[in-house]
Amino acid sequence: MLFSKEFDGKVALVTGGSSGIGKAAALAFAQAGAKVVIASRGVEEGEQAVHEICARGSDAIFVKTDVSQAREVEALVNKTVDIYGRLDCAFNNAGISQIHPITDSSEEDWDCIININLKGTWLSMKYEIAQMLKQGSGAIVNNSSIAGVIGIPNLSIYSASKGGVIAMARAAAIEYAKSGIRINVVNPSFIRTPILNKFPTKQLNKFLEEHPHPIGRIGTPEEVGETAVWLCSDRASFITGENLIIDGGYTAQ
Ligand SMILES: NC(=O)c1ccc[n+]([C@@H]2O[C@H](COP(=O)([O-])OP(=O)(O)OC[C@H]3O[C@@H](n4cnc5c(N)ncnc54)[C@H](O)[C@@H]3O)[C@@H](O)[C@H]2O)c1
Numbered sequence: 003m004l005f006s007k008e009f010d011g012k013v014a015l016v017t018g019g020s021s022g023i024g025k026a027a028a029l030a031f032a033q034a035g036a037k038v039v040i041a042s043r044g045v046e047e048g049e050q051a052v053h054e055i056c057a058r059g060s061d062a063i064f065v066k067t068d069v070s071q072a073r074e075v076e077a078l079v080n081k082t083v084d085i086y087g088r089l090d091c092a093f094n095n096a097g098i099s100q101i102h103p104i105t106d107s108s109e110e111d112w113d114c115i116i117n118i119n120l121k122g123t124w125l126s127m128k129y130e131i132a133q134m135l136k137q138g139s140g141a142i143v144n145n146s147s148i149a150g151v152i153g154i155p156n157l158s159i160y161s162a163s164k165g166g167v168i169a170m171a172r173a174a175a176i177e178y179a180k181s182g183i184r185i186n187v188v189n190p191s192f193i194r195t196p197i198l199n200k201f202p203t204k205q206l207n208k209f210l211e212e213h214p215h216p217i218g219r220i221g222t223p224e225e226v227g228e229t230a231v232w233l234c235s236d237r238a239s240f241i242t243g244e245n246l247i248i249d250g251g252y253t254a255q
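In this text, residue positions in the sequence shown follow the numbering used here: the first is 3, and each later residue adds one.
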């Protein structure tokens, strides 16, 4: 449950905010009063998300960004500050997945997934933290996955990228704890978003039947997005370096 004016006067950046979990978080930030910057590669989807937020009476902009490119991420943070004057919260959520056994995966697969999921998160933190240090405060949440915590077959590169996000965020949380910047991670299990289209439907259904979620269903984008927003809120003011699993009990089995 988010409070309607909780983020009044605050500015929130969501990478991958045009779709799925990121879009749910962007809508939740806006509903709670934040001005929202949506960054992603897909222009049409990004502008649609902004349109939805503005139609509800909130303020948002879209900035086309490839998070694996340093110059584009630096420009994203600069544009955020140029337009809204500050950066209070960031949900580093942009990511891709690929389902292949190791032996069928290529060096290009490795470079592409690691560059977006791991390097992209690092670049996002690098430029966001630089701005937050000037302000003396900030809250960052990075989106990892239960694949960064437990073994899931055919996800070796994705798992490496997500495990890296967890380790990196922990180090960063300690590094900036005294600077007023909190850094946390969310680890969703299977959430119904377009990223699951990468899984052949039959293979996914079979896998989920064999490895059911104790809660009896997979999760929704809102269940993750709203948790990320809550972690950015002042109600989570004593939480940093945390690796929060959002999985309906999946990894507790
Ligand atoms: N859906 C799941 O089951 C699940 C589970 C665990 C973790 N996650 C993670 O959640 C995050 C969001 O995924 P989703 O499920 O909402 O999928 P999605 O495909 O709906 O959203 C992915 C978003 O990332 C953006 N994106 C991809 N590459 C980008 C790049 N190079 N630069 C900028 N933006 C880029 C896309 O444009 C899109 O907005 C990902 O990091 C994913 O790994 C998803």
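Every residue, glycine too, gets a C-beta built ideally from N, C-alpha and C.
Short Cβ contact (8 Å threshold) for residue i with residue j
i	j	result
LYS295	PRO223	Because the chain here runs from 3 to 255, residue 295 falls outside it and cannot be looked at.
ALA230	VAL188	yes
GLY221	ILE247	no
ALA92	GLU54	no
SER99	TYR160	yes
GLY35	ALA28	no
ALA141	ARG184	yes
GLY17	SER126	Here residue 17 is Thr; the residue named in the question, Gly, does not match the sequence. Taking 8 Å as the Cβ cut-off, THR17 and SER126 qualify as a contacting pair.
PHE9	ILE40	no
Any non-hydrogen atom of ligand 1 closer than 7 Å to residue i Cβ
i	result
THR82	no
ASN95	yes
SER99	yes
PRO155	no
SER21	yes
GLY165	no
SER247	The sequence shown places Ile at residue 247, not Ser. Outside the cutoff, so no.
ALA72	no
Exposure of residue i, with buried meaning 16 or more beta-carbon neighbours within 10 Å
i	result
LYS37	buried
ASN199	exposed
ASP90	buried
6 Å CB neighbourhood of residue i in its chain, flanking five on each side removed
i	result
VAL45	LYS66
PRO103	ASN156
TYR86	VAL13, LYS37
Neighbourhood of residue i by C-beta, 8 Å cutoff - its chain only, sequence neighbours within 5 removed
i	result
ILE193	GLY22, ILE23, ILE220, GLY221, THR222, PRO223, GLU225, VAL226
Close beta carbons around residue i, own chain, < 7 Å, minus the five adjacent residues each side
i	result
THR179	This sequence places Ala at residue 179; Thr is not what is there. THR242, listed in sequence order.
Interface flag, residue i vs chain D, CB-CB below 8 Å
i	result
VAL52	Of the protein chains in this structure there is only one, and it is not chain D.
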